[in-house]
Structures are given as C-alpha cells and as structure tokens.
Amino acid sequence: MASIGTATQMSKKTSTRKSLPLSIRISLWLIAVSILPLLLTLVISEFQSRSTLIRQASRTMETDAQTHAQLIDNYLTQKLLILKSLDYTPLVQDYLLDPVGDQKNVPTILQNGLAIQRLINPDVTIATFFNLEGKVLLSYSLYGLKPQPHGKYMIPPEDAQQIAKGQQFLSGVYYDPVTHQSTVDLYTPVYSTTLKRLLGVVRDTLDIKSVWQIVNNEKGVNGAGSYAFILDQNGVRIVDPDPTTHLTSIAPLNTTIQQNFTDENRYGKNSPVLVLADANLRSIQSQPKPPITFQEVPAGKSELFQVTRRPLSSVPWTYFVLTPVNEVIAVANQQLLIIVLIASAILLPVAVIGWIVGYRISSPVLRSVKSLVKNSHVLNQLSEREKNASSEQVWIVEASKTGLKSQQYYTDASKIAARRLNELGRGLLEQSDIDRQTTFYIVKQMVSIGLYFEKAIAYQEEANNKVAVAVKVTDEVAEQLASGAKSTSEAANELDRIVNQLRQIVGN
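For the sequence shown, my numbering gives the first residue as 21, with consecutive numbering after it.
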C-alpha cells in the first residue's frame with residue numbers, strides 16, 4: 021500500500037510539472053522551420069563563401085600592391101631614361117671632355133637643362149656635373165639651389181664605387197627634417213664611345229614626392245585602417261605615412277651601414293637610425309623566396325594585419341600594403357550581418373503568426389483539457405462514493421451474516437428450550453404423586469426456560485434491528501450506485517464529445 025501511495029504521489033508531481041503552452045511551442049516550431057534555411061545559408065557562407073570572399077580580398081590587395089609598385093617603377097625608370105638622354109648629348113660630352121676649354125657651351129647646357137626641368141622634370145631639384153675626381157664643374161636648378169655635400173662627402177664612397185662601373189643608378193633616400201623632403205640622387209656616368217672611357221658624371225637630385233603621393237593614396241583604399249609603406253634594402257622604412265615609424269629600421273643595422281648613414285647625414289640628423297623591431301618582417305625579407313601575402317601584427321600596431329609585399333625592379337626597395345584582417349573579411353562579415361538581419365526580420369512575423377496559429381489550435385485543445393479535468397474530478401468523486409459504498413456493502417454483508425447466525429443460534433436454542441418445557445409439563449401432569457420439592461424444582465426449571473425465551477427474543481429483536489439497518493443501508497448504497505452510474509454515463513458522454521473535438525483538431 022505504501023509503495024502504491026508513493027507511486028501515486030510521484031505521478032501527481034510529474035503531472036503537475038509545468039511545460040510550455042502549446043501555442044508557444046507551435047510558434048517555436050514555425051520559427052525553427054523558417055530560420056533553418058537561413059542557418060544553412062549561414063553555415064555555407066561561413067565554410068565556403070567566406071573563404072572565397074577572403075581570397076578575393078587578398079587578390080585585390082595583391083593587385084593593388086602590384087599596380088602601385090609598377091607605378092613607382094615606371095616613374096623612376098622614366099626619370100632615368102629622360103636624364104640619360106639629356107646628359108648624353110654631344111654638348112655635355114664635349115664639356116666634360118674639356119671643362120676649361122669648352123666654356124662656350126656652358127650657357128647652352130644650362131639653358132637646355134632648365135628648360136627641360138621646367139617642362140618635364142620639375143621634381144628634379146638640382147642637376148650637378150662632376151669630373152671623375154668628384155669635383156663640381158657646374159650645376160643648375162629651377163629653385164636656385166647650390167650643390168651641397170651629403171654629410172662629409174660631396175659624393176659618398178659607395179656611390180663613387182657605383183660610378184666607376186659606368187652604369188646609371190639611384191642612391192639611397194635622403195631626408196631633410198626641416199623641409200620634410202625626401203630625395204634620391206640619380207647618377208648618370210657619361211661614357212665616350214670614341215675614347216672608350218668615362219668623361220664625368222651628372223647627378224640629378226630627385227624629389228620623390230610622387231612616390232610619397234602613391235603611398236599616401238593607399239590610406240583606406242583597402243578598408244579602414246589600410247595603408248602602405250616602402251622598405252629599403254637595409255630594412256629602413258624610407259617612405260611611411262606614420263611619423264612614429266618613418267625612418268626606423270625593422271632590425272638593428274650593422275656597424276658599417278650605421279656609420280655610413282651618420283657620415284652622410286642620411287636623414288638630416290647625426291644620430292643612429294632608431295630601431296622599431298619587426299622580427300617577423302625581418303625573417304620574411306631574409307628568405308630566398310618570400311611569400312607575397314602573409315599576416316602579422318606590425319610594429320606599433322595592436323591588431324592582426326593582412327600584408328602584401330611587392331619588390332621594385334628599378335631600386336632595391338620593397339612595397340608593402342597592409343590591411344587589418346577584420347577589413348579583409350569585412351565583406352564576409354557584411355554578408356553574415358545581412359543574413360542575421362533577414363533572420364531577425366523574419367523572426368517577429370513568424371513568431372506572431374505561430375502564436376496565432378498555435379492559439380487557434382490550442383484553444384479547443386485547452387477547452388477539451390479543461391473538460392477532461394472536470395470529468396476527471398467527477399470520476400474521482402464517483403470513485404470515492406463507490407469506494408464508500410463498497411465499504412458499506414462489506415459492512416452490510418458482515419452484519420447480515422452475524423444477524424443470520426444469531427437468529428439461527430437462538431432459533432435452535434428456542435427449539436431445545438421448548439422441547440424441554442414440553443417434557444417438564446407432561447412429566448408434571450403424568451406424575452400426580454410427585455412430592456412438593458420435586459414439583460418446585462420442575463417449576464423453577466420452567467421459569468428459567470421462560471427467562472431464556474425472553475432473552476432469546478430480545479437477541480432476535482436486536483438481530484432483526486441490525487438486519488433492518490442493513491436493508492436501509494443497502495437501499496442507500498443502491499441509490500449511490502444508481503447516481504454513480506448516471507454520473508459515469510454523463511462522464512462517458514462528455515469524454516466522447518472531447519474525443520470528437522480532438523479528432524476535429526487533428527483532422528481525423
């Protein structure tokens with residue numbers, strides 16, 4: 021009995037556990053069905069489209085870097101060709117062959133040079149003619165400039181070594197912190213094909229503001245935070261729009277190079293080049309075949325960048341384009357955002373429609389549930405009444421059995437007492453000579469039998485009363501059973517009606 025009671029209590033606890041209403045569950049199902057295609061699209065976008073978009077963004081960066089690097093190469097190559105054609109004229113060769121004896125050609129050389137500077141070479145700040153010993157012969161400048169030495173030297177030793185090879189070349193970058201001007205020297209050794217020897221050298225100092233403009237125009241082209249810079253063969257950031265990193269090196273320079281820079285006053289300050297270390301970039305630059313695209317956190321930055329590098333062909337410089345990785349995947353992120361916004365826009369109407377549909381479906385179900393609960397209550401009451409009636413019936417049966425046994429017992433006892441009374445009476449009549457004492461004894465027995473009859477009759481009356489009560493209770497139980505049968509019939513009819521409603525809901 022205890023285990024049955026415990027199971028009943030557990031069943032009640034389980035049945036009273038709250039769950040989501042049917043309308044809400046239907047709404048959630050509809051939302052799930054509507055959002056599932058979008059989720060699949062999102063997954064496909066993440067695993068396929070996203071990588072494709074990132075590759076496209078990387079290719080765009082590579083194309084951009086290649087285009088701008090080619091622009092710089094074309095610009096410098098064009099300057100070299102123009103200056104070579106200008107410096108190899110017969111007038112220049114005759115003058116360098118005999119600077120003292122050929123002074124008559126000097127005005128023409130100066131006039132032609134200034135005219136060409138004015139028309140096509142305004143970025144050449146000064147042109148200087150040297151003999152083979154490095155002595156200045158003449159110069160001209162649109163801006164009235166005079167030849168100035170680079171630190172200790174008019175021609176630095178490493179440039180003099182290059183001149184001896186007889187090939188046109190560009191020097192390293194010089195920077196003036198006062199005018200914020202970056203320049204390079206274009207050296208054109210003048211060679212006589214007739215004499216088979218060098219006659220002298222012309223140095224054209226070129227303002228590389230056009231190179232700076234190309235680099236500065238990269239700002240924001242490949243997304244917010246994107247930029248470019250140029251690294252020379254020594255690992256110095258010679259063109260960098262960030263003043264905190266401009267003219268810093270990615271690694272410490274060796275002693276010889278550092279001393280040369282100081283002697284030449286390369287960057288307008290007689291102090292060592294500052295180091296802003298970038299070990300990853302240094303490692304990549306030192307590789308025989310460096311990658312075109314890679315990722316790193318640049319010096320002075322705190323986020324990861326996508327980096328594309330392109331070496332220049334006209335000078336030993338490397339052009340870098342950098343874009344935050346977040347911007348590289350911005351298109352993919354934007355696509356993801358659009359999908360999320362679409363899902364959000366669909367979510368609300370689907371939820372409302374789902375709630376309405378769920379409410380229409382669940383309302384009759386809820387009404388049926390209420391009716392079932394009501395009928396369950398009625399059936400529980402009926403069960404309780406039938407339980408009570410059953411207990412009363414058990415009592416009636418027991419009482420009836422007891423009454424019948426009592427009646428049977430006293431009936432048998434009455435028969436025996438009556439037989440004895442008859443025997444005593446006949447014996448008293450037949451024996452007329454019985455003495456007084458015997459007669460008194462017989463009469464006493466007859467009185468006792470009479471008393472016994474009275475008690476038996478009293479017990480029979482009590483048994484009759486019990487039987488009467490049992491009959492009355494039986495009538496009441498019969499009425500209860502009839503009422504229970506009626507309630508059961510009504511509950512059955514109500515259950516049939518609820519079943520029909522549920523069939524209408526499910527369409528069967």
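Think of the CB as a built atom: it goes at the ideal place given N, C-alpha and C, for glycine as much as any other residue. From a predicted model like this one, the values you see are computed outputs, not experimental measurements.
Inset, instruction - Give the straight-line distance between the Cα atoms of residue 45 and residue 317, rounded to the nearest whole angstrom. - result: 49 angstroms
Inset, instruction - Taking only heavy atoms of the ligand NAD into account, decide whether any of them is closer than 7 angstroms to the Cβ of residue 107. - result: As for the ligand NAD, it is missing from this structure, which has no ligand bound.
Legend entry - Contacting residues, own chain, Cβ-Cβ under 7 angstroms from residue 99 (five flanking each side not counted): 206, 226
Legend entry - Contacting residues, own chain, Cβ-Cβ under 6 angstroms from residue 353 (five flanking each side not counted): none
Legend entry - Cβ-based neighbour list, residue 286, same chain, cut-off 7 angstroms, excluding 5 preceding and 5 following: 192, 194
Legend entry - Three-state secondary structure (DSSP) of residue 286: coil
Inset, instruction - Check residue 92 in the structure and name its three-state DSSP category. - result: helix
Legend entry - CB contact flag (residue 245, residue 302, <8 angstroms): no
Inset, instruction - Please state whether DSSP places residue 429 in a helix, a strand or coil. - result: helix
Inset, instruction - Using a threshold of 8 angstroms, state whether the C-beta atoms of residue 268 and residue 294 are closer than that. - result: yes
Inset, instruction - Can you have a look at residue 198 and say buried or exposed, based on whether 16 or more other CB atoms are within 10 angstroms of its CB? - result: exposed
Inset, instruction - Report buried or exposed for residue 75, applying the criterion of at least 16 other Cβ atoms within 10 angstroms of its Cβ. - result: exposed
Inset, instruction - Could you pull out every residue in the same chain whose Cβ sits closer than 8 angstroms to the Cβ of residue 241, ignoring the five residues on either side in sequence? - result: 84
Legend entry - Rounded C-alpha distance that separates residue 507 from residue 50: 42 angstroms
Legend entry - residue 133 classed as buried or exposed, judged by whether at least 16 other C-beta atoms fall within 10 angstroms: buried
Inset, instruction - Ignore the nearest five residues each way along the sequence and tell me which others in residue 224's own chain have a CB closer than 6 angstroms to its CB. - result: 103, 144, 147, 206
Legend entry - Validate contact between the segment 87 to 99 and the segment 118 to 138 using beta carbons, cut 8 angstroms, 3 pairs: no
Inset, instruction - Rank 153, 200, 161 by C-alpha distance to the C-alpha of residue 184 and give the top, closest one. - result: 153
Inset, instruction - State the beta-bridge partners of residue 80 as determined by DSSP. - result: For residue 80, which the question treats as bridged, DSSP gives no partner whatsoever.
Inset, instruction - Give, in chain order, every unbroken run of the alpha helix (DSSP H) that is at least 4 residues long and sits entirely within the segment 232 to 271. - result: none
Legend entry - Rounded C-alpha distance that separates residue 307 from residue 338: 13 angstroms
Inset, instruction - Figure out for me which residue from 431, 466, 434 has the closest Cα to the Cα of residue 446. - result: 466
Inset, instruction - Please say whether residue 343 and residue 314 have beta carbons closer to each other than 8 angstroms? - result: no
Legend entry - 3-residue-minimum beta strand (DSSP E) runs that sit fully inside the segment 129 to 182, ordered along the chain: 144 to 150, 156 to 160
Legend entry - Anticipated Cβ contact below 8 angstroms, residue 222 with residue 281, distance rounded: Actually they do not touch by this definition, with Cβ atoms about 25 angstroms apart.
Inset, instruction - Just the C-alpha distance for residue 214 and residue 327, rounded to the nearest angstrom, thanks. - result: 51 angstroms
Inset, instruction - Report yes if the C-beta distance between residue 479 and residue 434 is below 8 angstroms; otherwise report no. - result: no
Legend entry - Within 8 angstroms, strictly: CB atoms of residue 114 and residue 334: no
Inset, instruction - Would you mind reading off the limits of the beta strand (DSSP E) that contains residue 318? - result: Residue 318 -> no beta strand (DSSP E), and no H or E assigned at all.
Inset, instruction - Would you check if the distance between the CB atom of residue 251 and the CB atom of residue 340 is smaller than 8 angstroms? - result: yes
Legend entry - Continuous beta strand (DSSP E) stretch holding residue 295: start and end: Segment: none, residue 295 is in no beta strand (DSSP E) and carries neither H nor E.
Inset, instruction - Quick one: grab the DSSP three-state call for residue 109. - result: coil
Legend entry - Inter-residue CB distance, residue 249 and residue 235 (contact presumed, cutoff 8 angstroms): 7 angstroms
Inset, instruction - Could you check how far apart the C-beta atoms of residue 210 and residue 220 are, in whole angstroms? I think they sit under 8 angstroms. - result: 5 angstroms
Legend entry - Buried/exposed call for residue 476, threshold 16 Cβ in 10 Å: buried
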